[in-house]
Amino acid sequence: MERINGQIEERGNWGSKMEFLLAVAGNVVGLGNVWRFPYLCYKYGGGAFLIPYLVFVVTCGVPLFLLEMAMGQYTQQGGVTCWHRLCPLAEGIGYGGQLILLYSCMYYIIILAWALFYLIFSFKSQLPWANCDNTWNTDDCINLVTKNLTINRTSLINSTPAATEFWERRVLSLSGGIEDIGKINWEILLCLIAVWIICYFCVWKGVKSTGKVVYFTATFPYVMLLVLLIRGLTLPGALQGVVFYLYPEPARLADPQVWLEAGTQILFSYSVSVGSITVLASYNKYHNNCYRDCLGLCLLNSVTSFVAGFAVFTVLGFMAHEQGVPIEEVAESGPGLAFIAYPQAVAMMPFPQLWAVCFFIMIILLGLDTQFVSMEAVITSVMDMFPMVLRREGKREILLLFFCLTCFFGQFIMVTEGGMYVFQLFDYYACNGTCLLFLSVFESLTMGWIFGADRLFDIIEDMTKSRPNYIFMLCWKYLTPLVSLVCFVCSMVEYQPLTFNRWYVFPDWAYVLGWLLALSSIVLVPGWALGRMCTEKGSLKKRWRRLCSADTNLPLTFKQRAQLKETAFMTEMEDLVRASTEQHEI
C-alpha cells in the first residue's frame, strides 16, 4: 500500500481479479459443504430436499450474496462502516454480523486443531482409531476393521467402536459434563497454537498476503475432493450410499423442519448476513463486474455441496456394506462425520494412511480459508472504523495479534476435558441460523425499502454496465425479508434445547448462557436503531430522515451525474434568461 503524507496508508485493492474470486470461493466453500449439506440431504428427503434448497437459493442466497457484494464494492468499506454510509440507522446489522464472526473465529478454529491432530496420527504405521489395543480403549471397545469379525446387532449396541473411543477418550478426553471442565489437553492446545500462527501470517499483510495464500488454500481442497470422490466410487457398496443420499422422499416436503433446515443451510453456506462478503468485495475496483462474479460463485458453492455428497456417501455406503448394517446407522454430520465415521471408513480401505492424509488435509484447508477470511473481515471492519489511528505502518499487525490473542484466551476453555460442551454451546446458539435469519430480514428491508432497490439497481448497472434481472428487486423488497421472517419465526417455534451425544442434557445455566450468546447479536439491531433515534437532535421526523439518508460523498452513478448536469444546465439557462430579461428592462 502507498503512503499518504508519510503516515496514513491507503486501503488498497486485490492484486488481481483471480485473488478476489479465490478468496470468496475459499470463504463460502467450507466444512459445511462437506459435512452438513450431504447429511441434510439424506435426512430430509434425499433428492426431494433439493427443491426447498433451490427455492432458498433463488429467494435468499443469491439475492443476499449480490446485495452484500454490491454494498462492499460501492462503498469501499468494511462490515460496519458500509452501513454507516448507506443507512446509519441500520448500523446495528453490521455490529451484529461482526459479533457473530467473532464467535465463529473463537470456536471454528478448534475444528482445525482437531483435524491437525488427526493428520499427525495419520502418518503412523497403524492408524490408532483402527484397533482396540491402545491405553485409552475400554473393555467395551470393538474393532470394526477386522475382516473376520462377525458382528451382531446386540454386540454393536453394547459396545463402542474404536474410532469413537479414539475421538472421545484420546482426542477430547471427554468429561462427564460442562460442570466438569477438567484438565487442559496439551496436545490439542499445541495444535491450536500452530493453527493460529498459520492464520496470523495468512492475514497479517491484509489482501496482499491473503490474495497469495488463497491460490493454494482455495484450489487444493478440490484436488483432494476429486481424489476422494474417485476412490469412493470404486468401493463396494458405493452405489448403495449414492442411492441413500439422493433417493427422493416427496412426503418429507410437508415437514416445516425440512424447509427451515434448507434456509439456514443456505445462509451458512453462502456466508451472508455477517459482512464477510462485503469486506472481500470492498477491495475490488469500482467497475468490477460483481453481478457476474456473484452468479458464478453461488453456482460453484452449490455444485461443490452436491458433489461433496457423493464423496461422503460412497464411503459411508462402503462402510455400511463392510459392517453389514443399514447405512442410516453409520451416517453422521458435523464432527461426527469428520472425526468418527469417515476415519473409521478409511481404516477399512487398503492404504488407509494415504486416504486419511488426503481427507484431513482437505478438512484443514477448507476450514483454514473460512477462518482467516473471517479474521480479515473483522480486522478490516475495525480498521475502517478508526482509519486515522489504525491505518498506519505496523498498526494492522498489532491489531491482528491482539485479536488472535483475545480469541485464543477466550477459547482456552474449549481445549479442556469439558471443552466440547462449550464448543457445542457456541455452535448451537452463538452462530446458529436463527441469528443469521434475523439479520437477513433487516438487511434486505433496509436496502430494499430505505436505501431503495431501484437505487441499488442503478448502482450495480453503473459498476457492471449491465442491469440485474428484475427478480433481484422482487427478492430484496418482498421475497427475501418475507421468507427469512417466516423461517425465523418457525425456528423459534420449533426450538429444541441442545443435547450432546443424544443423551447429555445441559444444566439450566448453560441454556441461559447459550441464549445470551444468541441474543447478543440479535439485540444489537433494534438496540442500535433505538439508541441513535434517542440521541439524535430535532423532531422525530427529522431524526428518521437524517438516520435513513445515505452519505452524500458516495460515488455518483451515471444517472445521478446526468441529472446533475441537467439540473446545472437548467439553472444556467434560467440565469441567462433572468439576466437577459433584466438587461432588456434596463
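Each residue of the sequence shown is one higher than the one before, starting from 3 at the first, in the working numbering.
Using N, Cα and C, we set each Cβ at its ideal position, and we do this for glycine too.
Note that the coordinates shown come from a computational prediction; the quantities given were computed from them, not determined experimentally.
The beta carbon of Trp138 sits closer than 8 Å to those of Glu167, Phe168, Arg171 and Arg172, all from its chain and outside the five residues before and after it, given in chain order. Per the coordinates, the alpha-carbon of Lys210 lies some 49 Å from the alpha-carbon of Asn145.
For the set Gln79, Pro509 and Val26, the Cα lying nearest the Cα of Cys296 is the one of Val26. A distance below 6 Å between beta-carbons, with the five flanking residues on each side excluded, links Asp142 to the following residues of its chain, in chain order: Ser161 and Thr162. Straight-line spacing of the CA atoms in Cys107 and Ile400 works out to 18 Å.
For His289, no alpha helix (DSSP H) run applies, since DSSP gives it neither H nor E. A distance below 7 Å separates the beta carbons of Cys84 and Met73. Under a 10 Å Cβ-count criterion, Phe474 is classified as buried, with 16 or more other Cβ atoms of the shown protein chains found around its own Cβ. Cβ contact annotation for Asp182 (same chain, cutoff 8 Å, sequence separation greater than five): Glu419 and Gly420, in chain order. Annotation: the continuous alpha helix (DSSP H) that includes Pro483 extends over Thr482 to Val495.
Here Trp517 is exposed, its C-beta having fewer than 16 other C-beta atoms within 10 Å. Setting aside the 5 residues that flank it on each side, Ala570 has no residue in the same chain whose C-beta is closer than 6 Å to its C-beta. Excluding five sequence positions before and after Phe374, the CB atoms of its chain that fall closer than 6 Å to its own CB belong to Cys201, Cys204 and Val205, given in chain order. In this structure, DSSP gives Glu11 an extended state, which the three-state scheme calls strand. Nearest in C-alpha terms to Cys437, of all of Leu262, Ser523, Cys360 and Leu558, is Ser523.
Contact between the stretch 439 to 447 and the stretch 482 to 499 is present: three or more C-beta pairs spanning the two stretches fall below 8 Å. Around the beta carbon of Thr219, 16 or more other beta carbons sit within 10 angstroms, so the residue counts as buried.
Approximately 15 Å separates the beta-carbon atoms of Pro54 and Thr482; this is outside 8 Å, ruling out the contact. As the crow flies, the alpha-carbon of Val507 is around 5 Å from that of Thr501. Boundaries of the alpha helix (DSSP H) harbouring Pro258: Pro258 to Tyr272, taken from the DSSP string. In this model, Gln78 and Ile462 are separated by some 14 Å (Cα to Cα). Distance from Val245 to Arg254 at the Cβ level is roughly 16 Å; contact not present, criterion being Cβ atoms closer than 8 Å. The straight-line gap separating the alpha-carbon atoms of Lys397 and Phe361 is approximately 38 Å. Distance from the CA of Leu103 to the CA of Tyr46, rounded to the nearest whole angstrom, comes to 28 Å.
Boundaries of the alpha helix (DSSP H) around Gly34: Leu33 to Trp37. The beta-bridge partner set that DSSP reports for Pro163 consists of Ile144.
Under DSSP, Tyr202 shares a beta bridge with no residue.
Annotation for Leu427: Gly516 place their beta carbon closer than 6 Å to its own, counting only its chain and skipping 5 residues before and after. Nearest to Leu192 by C-alpha distance, out of Pro389, Thr61 and Ile112, is Ile112. Taken through DSSP and simplified to helix, strand or coil, Ile111 comes out as helix. Annotation for Gly48: Leu248, Tyr249, Pro250 and Glu251 place their beta carbon closer than 6 Å to its own, counting only its chain and skipping 5 residues before and after.
Ranked by Cα distance from Met385, the first of Asp371, Gly369, Leu402 and Thr372 is Leu402.
In the three-state DSSP reduction, Arg393 falls in the coil class, being neither helix nor strand. Per DSSP, Tyr430 lies in no alpha helix (DSSP H) segment and is marked neither H nor E.
Setting aside the 5 residues that flank it on each side, Gly208 is surrounded in the same chain by Gly14 and Arg398, each with a C-beta closer than 7 Å to its C-beta; the list follows chain order. Contact annotation: Leu339 and Trp131 have beta-carbon atoms that are not nearer than 7 Å.
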